[in-house]
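Since the structure comes first, as structure tokens, the remarks are kept for the end.
Numbering (UniProt numbering), first residue to last: 1 to 398.
This is the structure we're talking about:
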């Protein structure tokens, strides 16, 4: 563990059961959580600034949604937080936790202190206790408990996620490091296709062969399943224009008899709006894309009035405010996303990708692929660049 010059670490030392103030005395009683970096904030201390409104900013650079913050405790010298945060770390890179103590102001928030904790240097199979002090705040000490989990099923270091509990007390800084073996990892780390997708391809290949025999005729069709090509249809981005265009493309392909020959349907932005609406529809594939196109037309032309009503706008802004309070960046895209979700999906807006797997188990439909772009948290939202998301969400179709 290191300090960045603006805070100090004192240790190592062991803290007795009575050193934890009002917090739990036994680190084993704090419990554990999912794989990743988990931070449970329980802080109390004495601040020397005049009637501060303190809160903590927690930042793990390079992690998706890696910047979080606690709630603001108003007008108090003894702030107490009791919150939990979870991060996903990249074990192939050195990872540090940056803790910033802030004082909320009317216009500008003031930085009271900064401390860095090097997570990559934490030892395994060892408990380590140290103290963390913020500069000029000698009465405020921080206590942390780090839990490191490894998965022996993989050789690469990338299968070594970290799970952390952070406790902030007024007596000391404690780091408790453990190693637990995980038999059911949340993320599959491999360059190969998953077993479920391979099973889907085997079933889909049989159906595509029959469709090609119908479309091409007996002589030009594949003679066996090994000769069956993997046909993919890619939809571009472009908002409602792309959504309407992609719906017409799939309608035409279905009428031509080409749609049953497709193995993958890839989408981005507007085309993914249509694909999510199509695959979440309870009557698809009983009804074809052409049969459902009139319903989509009614949504686009006449559904804006209900999503622009004051009641729904208040609900959207309330949800965006909750997201902002967690430290995540927000922009107009958040508001627009709520509106598009209600407009196209309605009551199906809370449906999940896993719910679509039932339509893929026998290989009767092409496998949908939704592309997601994530803003870099380290940049201002309005001037940031987009990059590929770091987390691949897999649909179980087996």
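Ideal Cβ positions, reconstructed from N, Cα and C, are used throughout, including at glycine.
Backbone secondary structure at residue i - three-state DSSP
| i | result |
| --- | --- |
| residue 368 | strand |
| residue 188 | coil |
| residue 264 | strand |
| residue 96 | strand |
| residue 292 | coil |
| residue 54 | strand |
| residue 298 | helix |
| residue 356 | helix |
| residue 133 | strand |
| residue 287 | coil |
| residue 64 | coil |
| residue 210 | helix |
| residue 224 | coil |
| residue 350 | helix |
| residue 159 | Model confidence at residue 159 stands at a pLDDT of 45, short of 50, so the residue's coordinates are unreliable; what they give is reported in the following sentence. Three-state result, residue 159: helix. |
| residue 204 | helix |
| residue 270 | helix |
| residue 193 | coil |
| residue 75 | coil |
Alpha-carbon to alpha-carbon, residue j and residue i
| i | j | result |
| --- | --- | --- |
| residue 263 | residue 72 | 51 Å |
| residue 259 | residue 297 | 21 Å |
| residue 314 | residue 363 | 42 Å |
| residue 307 | residue 208 | 41 Å |
| residue 79 | residue 99 | 15 Å |
| residue 335 | residue 271 | 19 Å |
| residue 318 | residue 351 | 21 Å |
| residue 205 | residue 275 | 21 Å |
| residue 369 | residue 305 | 31 Å |
| residue 282 | residue 302 | 22 Å |
| residue 338 | residue 316 | 6 Å |
| residue 239 | residue 229 | 31 Å |
| residue 86 | residue 222 | 50 Å |
| residue 309 | residue 250 | 33 Å |
| residue 293 | residue 242 | 14 Å |
| residue 286 | residue 359 | 11 Å |
| residue 21 | residue 84 | Low per-residue confidence applies at residue 21: pLDDT is 32, beneath 50, and the placement is therefore not dependable, though the value from the model is reported in the following sentence. The alpha-carbon atoms of residue 21 and residue 84 are separated by roughly 19 Å. |
| residue 477 | residue 214 | Nothing in the structure corresponds to residue 477, since the chain is present only between 1 and 398. |
| residue 295 | residue 355 | 21 Å |
| residue 199 | residue 348 | 28 Å |
Check: residue i C-beta below 7 Å from any heavy atom of the ligand ZN
| i | result |
| --- | --- |
| residue 109 | Looking at this structure, you won't find the ligand ZN or any other ligand, since it has none at all. |
Selection from the options that minimises the alpha carbon distance to residue i
| i | options | result |
| --- | --- | --- |
| residue 113 | 96, 58, 340 and 231 | 58 |
| residue 357 | 280, 324 and 214 | 280 |
| residue 328 | 51, 63 and 204 | 63 |
| residue 75 | 199, 105 and 203 | 105 |
| residue 372 | 330, 237 and 294 | 237 |
| residue 320 | 311, 330 and 53 | 330 |
| residue 77 | 95, 53, 69 and 229 | 53 |
| residue 345 | 278, 93 and 256 | 278 |
| residue 361 | 341, 203, 290 and 353 | 203 |
| residue 234 | 255, 70, 217 and 269 | 269 |
| residue 367 | 257, 116, 266 and 245 | 266 |
| residue 117 | 60, 103, 67 and 220 | 60 |
| residue 343 | 273, 231 and 332 | 273 |
| residue 95 | 120, 253, 290 and 196 | 120 |
| residue 325 | 51, 70, 284 and 198 | 70 |
| residue 211 | 253, 291 and 188 | 253 |
Range covered by the alpha helix (DSSP H) that runs through residue i
| i | result |
| --- | --- |
| residue 341 | 332 to 344 |
| residue 219 | Unbroken run through residue 219: none, as it is neither H nor E. |
| residue 280 | Unbroken run through residue 280: none, as it is neither H nor E. |
| residue 247 | 239 to 256 |
| residue 323 | 310 to 325 |
| residue 305 | 304 to 307 |
Cross-strand partners of residue i (DSSP beta bridge)
| i | result |
| --- | --- |
| residue 232 | 264 |
| residue 102 | 55 and 111 |
| residue 399 | Absent from the structure is residue 399, since the part of the chain shown begins at 1 and ends at 398. |
| residue 69 | 57 |
Beta strand (DSSP E) segment containing residue i, residue limits
| i | result |
| --- | --- |
| residue 88 | First-last for residue 88: undefined, no H or E at that position. |
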